[in-house]
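S.K.: My structure is below; once you've seen it, I'll send some questions.
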Amino acid sequence: MDATPRTTPRKSATFDDYTLSEIRRAAASGIYDIRGGGAKRKVPHFDDLLFLGASMSRYPLEGYREKCATDVWLGTRFAEKPLHLKIPITIAGMSFGSLSAQAKESLGRGASQMGTSTTTGDGGMTEEERGHSTILVYQLLPSRYGMNPDDLRRADAIEIVIGQGAKPGGGGMLLGQKISDRVAEMRTLPKGIDQRSACRHPDWTGPDDLEIKIQELREITDWQKPIYIKVGASRPYYDTALAVKSGADVVVLDGMQGGTAATQEVFIEHVGLPILGAIRPAVQALQDLGMHRKVQLIVSGGIRSGADVAKALALGADAVSIGTAALVALGDNDPLYENDYQDLGTTAGAYDDWHEGRCPAGITTQDPGLAARLDPVLGGRRLANYLSVLTLETQTIARACGKSHVHNLEPEDLVALTVEAAAMAKVPLAGTDWIPGSKSDR
Amino acid sequence: MPEVDLDVTPLRELNAALHRLTPETNERHWVIDHPAGRHAIASGLNVPITVEINGPVGYYCAGMNKLATVVVNGSAGVGVAENMMSGFVHVAGDASQSAGATGRGGLLRIDGNASSRCGISMKGIDIVVQGSVGHMSAFMAQAGNLVVFGDAGDSLGDSIYEARLFVRGGVKSLGADCIEKEMRDEHKRAIHEVLTRAGFDGEVDPNEFKRYGSARKLYTFNVDHAGEY
Numbered sequence: 001m002d003a004t005p006r007t008t009p010r011k012s013a014t015f016d017d018y019t020l021s022e023i024r025r026a027a028a029s030g031i032y033d034i035r036g037g038g039a040k041r042k043v044p045h046f047d048d049l050l051f052l053g054a055s056m057s058r059y060p061l062e063g064y065r066e067k068c069a070t071d072v073w074l075g076t077r078f079a080e081k082p083l084h085l086k087i088p089i090t091i092a093g094m095s096f097g098s099l100s101a102q103a104k105e106s107l108g109r110g111a112s113q114m115g116t117s118t119t120t121g122d123g124g125m126t127e128e129e130r131g132h133s134t135i136l137v138y139q140l141l142p143s144r145y146g147m148n149p150d151d152l153r154r155a156d157a158i159e160i161v162i163g164q165g166a167k168p169g170g171g172g173m174l175l176g177q178k179i180s181d182r183v184a185e186m187r188t189l190p191k192g193i194d195q196r197s198a199c200r201h202p203d204w205t206g207p208d209d210l211e212i213k214i215q216e217l218r219e220i221t222d223w224q225k226p227i228y229i230k231v232g233a234s235r236p237y238y239d240t241a242l243a244v245k246s247g248a249d250v251v252v253l254d255g256m257q258g259g260t261a262a263t264q265e266v267f268i269e270h271v272g273l274p275i276l277g278a279i280r281p282a283v284q285a286l287q288d289l290g291m292h293r294k295v296q297l298i299v300s301g302g303i304r305s306g307a308d309v310a311k312a313l314a315l316g317a318d319a320v321s322i323g324t325a326a327l328v329a330l331g332d333n334d335p336l337y338e339n340d341y342q343d344l345g346t347t348a349g350a351y352d353d354w355h356e357g358r359c360p361a362g363i364t365t366q367d368p369g370l371a372a373r374l375d376p377v378l379g380g381r382r383l384a385n386y387l388s389v390l391t392l393e394t395q396t397i398a399r400a401c402g403k404s405h406v407h408n409l410e411p412e413d414l415v416a417l418t419v420e421a422a423a424m425a426k427v428p429l430a431g432t433d434w435i436p437g438s439k440s441d442r
Numbered sequence: 001m002p003e004v005d006l007d008v009t010p011l012r013e014l015n016a017a018l019h020r021l022t023p024e025t026n027e028r029h030w031v032i033d034h035p036a037g038r039h040a041i042a043s044g045l046n047v048p049i050t051v052e053i054n055g056p057v058g059y060y061c062a063g064m065n066k067l068a069t070v071v072v073n074g075s076a077g078v079g080v081a082e083n084m085m086s087g088f089v090h091v092a093g094d095a096s097q098s099a100g101a102t103g104r105g106g107l108l109r110i111d112g113n114a115s116s117r118c119g120i121s122m123k124g125i126d127i128v129v130q131g132s133v134g135h136m137s138a139f140m141a142q143a144g145n146l147v148v149f150g151d152a153g154d155s156l157g158d159s160i161y162e163a164r165l166f167v168r169g170g171v172k173s174l175g176a177d178c179i180e181k182e183m184r185d186e187h188k189r190a191i192h193e194v195l196t197r198a199g200f201d202g203e204v205d206p207n208e209f210k211r212y213g214s215a216r217k218l219y220t221f222n223v224d225h226a227g228e229y
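If you read the protein sequences in the order shown, they are chains A and B.
Note that this note's numbering gives residue 311 to position 311 of the first sequence, counting from 1, and the numbers run on in steps of one.
Note that this note's numbering gives residue 201 to position 201 of the second sequence, counting from 1, and the numbers run on in steps of one.
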């Protein structure tokens, strides 16, 4: 009877299974891990907020009956032809190259059916994309791959990309596996090599130069097009203020949950802010400058549901943008392809090696056989359905809060479930009047 | 021959008028006076006309030029002929940073010096600089020819792809993955062709240039080359 009870085997919270596997992978390969997507770690997010709804002092609107408008104008500051979207949900910039032509066409079809915009990416504008997108935003990126004045003029808006939430301060990369003849030609680069997209713009440095760059783009397009500036969430107050100073019509703010086609895991998980912590500083900057609603704010990074849309709008955004969720709507990470995901050493829901170009759903690939799995008509229909649900959900919440337009949602409609979310969103902790970090808290 | 005085006519009006021209226009030679360093003069041109600017221009003169000939009788600010598609841009004086940046075609001639980042990310444009070019010129240059009569500053051709760099003078240092390469007859012919188009027919001996280009070691990321970045 010497059987001393043994403690249950215990794994380290610090050195958990994922961490151990990463150390072993690094030790075997000598190179950092590259993947697609956004931050996977848990960060304070819209889930940590709740709407209060109407009550004795607030009067709700009848669901399905009373009007709750969802339209949004973008680019009203300077552009002669601002955009008028039917819903406050846009499709984020994703390149042809990182995505298949079928995926780009699907995005265009779905967005157009719902009266909203889609956005080019780091690879130029394709005919499929222009042809199937009623409203197309053309990105001006540091790489300037495919940039030309004709596409600039046939775009409906121009988005100057300073950074993105997955990697503020980082450039892009498209590994050789995805560089088909067509992608290579569009980017004026040899086929099959790893393409690095610059992290800095080649012809301007700083907001004073950017102001002049914007002037040039306006001159080339005869002052017709709205000009957006997209930044990754890092210093949202100052970046927003400087974007306004530089002459932007619209600021696009992308949180760390926003996806990328490919970058280092360490970059995705450790640089930048969650979108929840970035919206209020950006809105504050606009309010301090008297430009809230005059320069529109689009936020992105982890938008999944109408609740997320409504919360982003309540915090002061004019619209949101979706990327990852749109790809999921098309079929990305669908259990339908579980056997294929298993063959790639992963499982549906976890697949993030988008840079390898072997996407079973035909989305993040240039392989003709895989890309053919995605029917653009069906993909467009699925995206339109999803956008419709997001919109209906947003309206449901807005009506419950007594709002006849989704833009009438406001911070006063919200409370937070955690101290962190209360501090970031600058709304009270539920059941209290405590907003950590507010003036009354000091 | 339309003459436009930018002290009188707003820049926006001038550019709009230039953009309205059709390829059949008979207003084929424009003269611009008093540019006074204004930005984006004659940007976004789209027809084969000649625009002559008498004086110094600011940023992005002849930006994204297509088909047109733009002559600057003065110096040019940042990003002259940036992202040029085709045509000819001639700066009689010096050019500031990022001259010809990301240019995809056409020819840029600079009679004086060009500052840093000349030909940065060039994608098919040909650039001829009679003077010297500053540091980080031809950074990430993808395609086209950069011909420099004088010297090149630090980190010439850093992270270069397939552009060809020809320098007659000294090179202070080469950037990552940029090496001196053999000058073969095809390269001498290329210099001659570019210089002829730039108006230097027979005046300059291609044999006096050295060629620089990509070692192509960094085209596919290899951890053994990580120290070279």
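Here a beta-carbon is modelled for each residue, glycine too, at the ideal position from N, C-alpha and C.
All figures in this text were calculated on a predicted structure; none of them were measured in a lab.
Could you tell me which residues DSSP pairs with B/CYS178 in its beta bridges?
M.R.: As a first step, residue 178 of chain B is located in the second sequence; it is residue number 178 there, counting from the start. Looking at the DSSP assignment, B/CYS178 forms a beta bridge with B/SER214.
S.K.: Taking the straight line between their C-alpha atoms, what separation do you get for A/GLN366 and A/MET56?
M.R.: Against the first sequence, residue 366 of chain A aligns to sequence position 366. Against the first sequence, residue 56 of chain A aligns to sequence position 56. So the two alpha carbons sit approximately 57 Å from each other.
S.K.: Say whether chain A places a C-beta atom closer than 7 Å to the C-beta of B/ILE179.
M.R.: Here residue 179 of chain B is taken as the residue at index 179 of the second sequence, counted from 1. No, because no Cβ of chain A sits closer than 7 Å to the Cβ of B/ILE179.
S.K.: Alpha carbon to alpha carbon, what distance is there between B/ALA114 and A/GLY301?
M.R.: Residue numbering aside, residue 301 of chain A sits at position 301 when the first sequence is read from its first letter. Residue numbering aside, residue 114 of chain B sits at position 114 when the second sequence is read from its first letter. Their backbone Cα atoms lie some 41 Å apart in a straight line.
S.K.: So, helix, strand or coil for B/ASN73, using DSSP?
M.R.: For the purposes of this step, residue 73 of chain B is taken as residue 73 along the second sequence, with counting starting at 1. Correct three-state label for B/ASN73: strand.
S.K.: How should A/TYR59 be labelled, buried or exposed, when 16 other C-beta atoms within 10 angstroms of its C-beta is the threshold for buried?
M.R.: If you number the first sequence from 1, residue 59 of chain A lands on position 59. By the neighbour-count rule (16 or more Cβ atoms within 10 Å), A/TYR59 is not buried but exposed.
S.K.: Using a Cβ-Cβ distance under 7 Å, would A/ALA157 count as near chain B?
M.R.: Residue numbering aside, residue 157 of chain A sits at position 157 when the first sequence is read from its first letter. It does not: the Cβ of A/ALA157 has no partner Cβ on chain B nearer than 7 Å.
S.K.: Quick check on this structure: which residue in B/THR25, B/ALA92, B/GLU162, B/ASP33 has the alpha carbon closest to the alpha carbon of B/ASP7?
M.R.: Sequence index remark: in the second sequence, residue 7 of chain B carries index 7 (1-based). Of the candidates B/THR25, B/ALA92, B/GLU162, B/ASP33, the one whose C-alpha sits nearest the C-alpha of B/ASP7 is B/ASP33.
S.K.: Interface residues of chain A around B/ALA143 at Cβ under 9 Å?
M.R.: Position 143 of the second sequence, counted from the first residue, corresponds to residue 143 of chain B. The answer, in chain order, is THR188, LEU189.
S.K.: Can you pull the chain A neighbours of B/SER43, defined as C-beta to C-beta under 8 Å?
M.R.: The residue you call residue 43 of chain B lines up with position 43 of the second sequence. Neighbours of B/SER43 in chain A, taken as residues at a C-beta separation under 8 Å, are given in chain order as GLU216, GLU219, ILE220.
S.K.: Does the distance from the C-beta atom of A/ILE298 to that of A/ALA278 stay below 7 Å?
M.R.: On the first sequence, residue 298 of chain A is found 298 positions in, with the first residue counted as 1. On the first sequence, residue 278 of chain A is found 278 positions in, with the first residue counted as 1. Going by beta carbons, A/ILE298 and A/ALA278 fall outside the 7 Å limit.
S.K.: Does the distance between the C-beta of A/ASP222 and the nearest non-hydrogen atom of the ligand GTP fall short of 6 Å?
M.R.: Ligands in the displayed structure: none, and consequently the ligand GTP is not present.
S.K.: I need the boundaries of the beta strand (DSSP E) containing A/MET173, first residue and last residue.
M.R.: One-based indexing of the first sequence puts residue 173 of chain A at position 173. Unbroken beta strand (DSSP E) run through A/MET173: 172-174.
S.K.: Nearest-angstrom Cα distance between A/LEU74 and A/ASP239?
M.R.: For the purposes of this step, residue 74 of chain A is taken as residue 74 along the first sequence, with counting starting at 1. For the purposes of this step, residue 239 of chain A is taken as residue 239 along the first sequence, with counting starting at 1. Distance between the alpha carbons of A/LEU74 and A/ASP239: 19 Å.
S.K.: For chain B, check one thing: does any of its Cβ atoms lie closer than 7 Å to the Cβ of A/ARG147?
M.R.: Indexing the first sequence from 1 puts residue 147 of chain A at position 147. Looking at the sequence itself, residue 147 of chain A is Met, so the reference to Arg does not match. Chain B contact via Cβ: present.
S.K.: Which residues does DSSP pair with A/VAL320 in a beta bridge?
M.R.: As a position in the first sequence, residue 320 of chain A is number 320, starting the count at 1. BP columns for A/VAL320 point to A/ILE89, A/VAL299.
S.K.: Name the two residues that bound the continuous beta strand (DSSP E) containing A/GLU159.
M.R.: In the first sequence, the residue the question calls residue 159 of chain A occupies position 159. Taken as a continuous stretch (DSSP letters only), the beta strand (DSSP E) holding A/GLU159 covers 157-161.
S.K.: Which residue spans inside the stretch 101-169 of chain B form an unbroken alpha helix (DSSP H) run of at least 4?
M.R.: You should have found no qualifying run.
S.K.: At a CB-CB cut-off below 7 Å, which residues of chain A make contact with B/HIS39?
M.R.: Counting from one through the second sequence, the residue named residue 39 of chain B turns up at place 39. Ordered by position in chain A, the residues that pass the 7 Å Cβ test against B/HIS39 are ILE212, GLN215, GLU216.
S.K.: Within the stretch 363-439 of chain A, note down every full alpha helix (DSSP H) run reaching 4 residues or more, in order along the chain.
M.R.: 368-371, 376-400, 419-425
S.K.: Does the beta carbon of B/ASN83 come closer than 7 Å to any beta carbon on chain A?
M.R.: Sequence index remark: in the second sequence, residue 83 of chain B carries index 83 (1-based). For B/ASN83, the answer is yes, since a Cβ of chain A falls inside 7 Å of its Cβ.
S.K.: Whole angstroms are fine: how far does the CA of B/VAL57 sit from the CA of B/CYS118?
M.R.: For this step, residue 118 of chain B is matched to residue 118 along the second sequence. For this step, residue 57 of chain B is matched to residue 57 along the second sequence. Those two C-alpha atoms are separated by around 17 Å.
S.K.: Alpha carbons only, please: which of A/GLN224, A/ARG6, A/GLY163, A/SER117 is nearest the one belonging to A/MET256?
M.R.: Along the first sequence, read from residue 1 onward, the residue named residue 256 of chain A stands at position 256. Of the candidates A/GLN224, A/ARG6, A/GLY163, A/SER117, the one whose C-alpha sits nearest the C-alpha of A/MET256 is A/GLY163.
S.K.: With a threshold of 6 Å on Cβ separation, who are the neighbours of A/GLN395 within its own chain once the five nearest residues in sequence on each side are excluded?
M.R.: If you number the first sequence from 1, residue 395 of chain A lands on position 395. Contacts found: CYS68.
S.K.: Quick check: the Cα distance between B/MET122 and B/GLY157, rounded to an integer number of angstroms?
M.R.: Indexing the second sequence from 1 puts residue 122 of chain B at position 122. Indexing the second sequence from 1 puts residue 157 of chain B at position 157. The straight-line gap from Cα to Cα measures roughly 11 Å.
S.K.: Could you tell me whether the stretch 150-165 of chain B touches the stretch 175-192 of chain B, where touching means 3 or more Cβ pairs closer than 8 Å?
M.R.: yes
S.K.: How long is the line joining the alpha carbons of B/ARG164 and A/ILE303, rounded to whole angstroms?
M.R.: For the purposes of this step, residue 164 of chain B is identified with residue 164 of the second sequence, where counting begins at 1. For the purposes of this step, residue 303 of chain A is identified with residue 303 of the first sequence, where counting begins at 1. Going by C-alpha positions, B/ARG164 is about 45 Å away from A/ILE303.
S.K.: Contact criterion: CB-CB distance below 7 Å. Does B/ASN73 meet it with respect to chain A?
M.R.: By 1-based counting over the second sequence, the position of residue 73 of chain B is 73. Chain A, which has no Cβ nearer than 7 Å to the Cβ of B/ASN73, makes this no.
S.K.: Report the rounded CA-to-CA distance for B/GLY79 versus B/ALA138, giving the unit in angstroms.
M.R.: The residue given as residue 79 of chain B occupies position 79 in the second sequence. The residue given as residue 138 of chain B occupies position 138 in the second sequence. Taken atom to atom, the span from the alpha-carbon of B/GLY79 to that of B/ALA138 is near 13 Å.
S.K.: When the Cα of A/PRO274 is compared with those of A/ARG41, A/ASN385, A/PRO9, A/SER246, which residue comes out closest?
M.R.: Locating residue 274 of chain A in the first sequence gives position 274, counting from the first residue. Out of A/ARG41, A/ASN385, A/PRO9, A/SER246, A/ARG41 has the C-alpha closest to the C-alpha of A/PRO274.
S.K.: In chain order, what residues of the same chain lie with their CB nearer than 8 Å to the CB of A/THR90, ignoring the 5 residues before and after it?
M.R.: Position 90 of the first sequence, counting from 1, holds the residue named residue 90 of chain A. Contacts found: ALA111, THR116, SER117, THR118, THR119, VAL137, ILE298, ALA319, VAL320, SER321, ILE322.
S.K.: Tell me the rounded alpha-carbon separation between B/VAL148 and B/ASP94.
M.R.: Indexing the second sequence from 1 puts residue 148 of chain B at position 148. Indexing the second sequence from 1 puts residue 94 of chain B at position 94. Roughly 13 Å between the two C-alpha positions.
S.K.: Please report the distance separating the alpha-carbon of A/TRP354 from that of A/PHE15.
M.R.: Taking the first residue of the first sequence as 1, we reach residue 354 of chain A at position 354. Taking the first residue of the first sequence as 1, we reach residue 15 of chain A at position 15. One C-alpha to the other measures close to 27 Å.
S.K.: Looking only at its chain, what residues have a beta carbon closer than 6 Å to the beta carbon of B/MET1, apart from the 5 residues adjacent to it on each side?
M.R.: Along the second sequence, read from residue 1 onward, the residue named residue 1 of chain B stands at position 1. These residues qualify, in order along the chain: HIS29.
S.K.: Note down the Cα distance separating A/GLN492 from A/ALA317, rounded to an integer number of angstroms.
M.R.: In the structure displayed, chain A extends from 1 to 442; residue 492 of chain A sits before or after that span and is not available.
S.K.: Taking a contact to mean a Cβ-Cβ separation below 7 Å, would you say A/LYS102 touches A/ALA325 in this structure?
M.R.: Within the first sequence, numbered from 1, the residue matching residue 102 of chain A stands at position 102. Within the first sequence, numbered from 1, the residue matching residue 325 of chain A stands at position 325. Rather than Lys, the amino acid found at residue 102 of chain A in this sequence is Gln. Going by C-beta atoms, A/GLN102 is not nearer than 7 Å to A/ALA325.
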